[in-house]
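Working notes, structure below.
Residue numbers (my numbering): 338 to 438.
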């Protein structure tokens, strides 16, 4: 299933960290979030996992908004492939990485 966001906005107090972010992560692919400290990488991941609710916008798993899914429905889809350490060459064990099934 595809994981995507539509018009996601998140602020901490008056500091807007994510502003109208729309993206789609391809199914079965490893996606890297790269950027400087404080640019919103962890904030985005926290929205994916429902640890943080955006001020506006929606995170979808397939066609379903994740806030409408139970934890039981979300967990097997979103976190079936747990992260594993990568070495300096970027090699990893089969099935490792942040992959959406």
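Even glycine gets a Cβ: it sits at the ideal position worked out from N, Cα and C.
query, result
"The alpha helix (DSSP H) enclosing residue 382, as first and last residue numbers", "378–385"
"Span separating the alpha-carbon of residue 401 from that of residue 393", "16 Å"
"Helix, strand or coil at residue 407 according to DSSP, with G and I counted as helix", "coil"
"Candidates 356, 349 and 343: closest to residue 362 by CA position", "343"
"Residue of 378, 367 and 403 minimising C-alpha distance to residue 386", "403"
"Spatially closest choice to residue 364 from 357, 411, 378 and 341, by CA coordinates", "341"
"Cβ pair residue 384, residue 347 closer than 8 Å", "yes"
"Residue environment, residue 398, which counts as buried when at least 16 other CB atoms sit within 10 Å", "buried"
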